[in-house]
Amino acid sequence: LSKSGDNAALTSWFLGVIASIQGDKALSGKYIAEAIDRGFRVPSSKDTLEFVLQNLEENNDYRHIVSVLRSVVTLDDQNRSLVTGVNYLRLAYALGNIARYDDARAAASRAVELDPTLETPVSAFLSQLELARQGKNPN
């Protein structure tokens with residue numbers, strides 16, 4: 002990033018944090034997505050990741066959720082605590098919502114590998130995913 006790109010990304014990030022504090026999840030999600038697009042790298046702490054994901058999920062911003070979670074689950078050993086079955090399941094859900102079904106299935110499988118207790122929710126997700134793939138409304 003250029004210096005001006007860094008400043009623009011940080012500005013968007015802080016505007017997102019402020020909007021969230023003020024209770025405006027839609028605006029917060031918009032600014033956080035903008036920060037990510039401008040090259041902001043989400044700090045790798047559990048609390049910050051949860052904050053970002055909640056704001057993006059509130060806005061059904063699956064493209065940015067995928068971007069954030071892809072960066073988290075491919076981290077090196079310094080942040081292994083964030084590479085969890087739950088985060089892979091969140092990734093699978095986001096991928097499914099942007100019609101990347103094969104990638105969603107792979108992420109869901111990885112979720113169960115990391116956390117076998119997720120087998121039931123992953124099975125339900127995979128059933129819904131198959132309906133979506135077939136063009137049927139899973140609800």
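Position in the sequence shown counted from 1, then plus 1, gives you the working numbering. Ideal Cβ placement from N, Cα and C applies to all residues, glycine included.
*Quick one: measure Cβ to Cβ for Leu127 and Arg106, integer angstroms, because I've assumed they're closer than 8 Å.*
7 Å
_Rounded to whole angstroms, what is the Cα-Cα separation between Gln23 and Asp103?_
38 Å
*For Lys4, count neighbouring Cβ atoms within 10 angstroms of its own Cβ and tell me buried if that reaches 16, exposed if not.*
Unreliable placement is indicated for Lys4, whose pLDDT of 43 sits below 50; no coordinate value is reported for it.
*Inspect the beta-carbon positions of Arg101 and Val67 and report whether they are closer than 9 Å.*
yes
*Secondary structure, alpha helix (DSSP H): runs of 4+ residues fully inside the segment 73-136*: 86-98, 102-115 and 120-134
*Do you know whose CA, among Ile33, Asp25 and Ala109, lies nearest Thr121's CA?*
Ala109
*Where Ala9 falls: helix, strand or coil (DSSP)*: helix
*asked:* Taking its Cβ as the centre, do 16 or more other Cβ atoms sit within 10 Å of Gly136, making it buried, or is it exposed?
replied: exposed
*Quick one: what's got a C-beta closer than 6 Å to Ala177's C-beta in the same chain, skipping five residues either side?*
Outside the shown range of the chain (2 to 140) lies residue 177, about which nothing can therefore be said.
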